[in-house]
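Residue numbers (the working numbering): 34 to 157. Idealized CB from N, CA, C, for every residue including glycine. Notes for the one structure printed next.
Spelled out as structure tokens, the structure:
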């Protein structure tokens with residue numbers, strides 16, 4: 034299993050806000066080398082596994098922030114073309130985004146994520 038480094042408040046503070054940090058991570062999923070993409074997916078996964086770290090008054094769950102920032106499609110793309118490590122982190126992040134959130138489950142379905150996720154999980 035891939036190691037997961039837990040994102041902390043210091044990581045978020047370096048970028049100014051959770052939304053800015055998530056936006057940068059999503060950008061890193063789209064461009065850069067595979068190591069950069071793996072690290073971005075790992076950080077997004079870590080965020081989805083934690084309670085809200087948002088500093089705004091809404092106190093929105095981290096997984097929802099990632100989905101609202103447009104993170105679902107790049108994560109699905111990473112499941113399709115990423116390394117085994119990237120696929121592991123992307124699948125875990127997508128699972129956490131989709132958990133008990135029908136609207137985001139549908140977005141993953143529309144992005145063509147079901148078959149690639151099944152293939153990645155089947156492949157181990």
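Query: Could you spell out the range, first to last residue, of the alpha helix (DSSP H) harbouring residue 120?; Result: 117-131
Query: Classify residue 102 as helix, strand or coil using the three-state DSSP reduction.; Result: coil
Query: Using the Cβ count rule (16 or more neighbours within 10 Å means buried), how would you classify residue 79?; Result: buried
Query: According to the Cβ coordinates, are residue 116 and residue 75 closer than 8 Å?; Result: no
Query: Determine the extent of the alpha helix (DSSP H) in which residue 76 is found, giving its start and end residues.; Result: 67-81
Query: Quick one: is residue 133 buried, meaning 16 or more other Cβ sit within 10 Å of its Cβ, or exposed?; Result: exposed
Query: From this set, 71, 73, 95, 72, which residue's C-alpha is nearest residue 82's C-alpha?; Result: 95
Query: Put residue 34 into one of helix, strand or coil per three-state DSSP.; Result: Per-residue confidence for residue 34 stands at a pLDDT of 48, beneath the threshold of 50, marking its modelled position as unreliable; the derived number appears in the next sentence. Correct three-state label for residue 34: coil.
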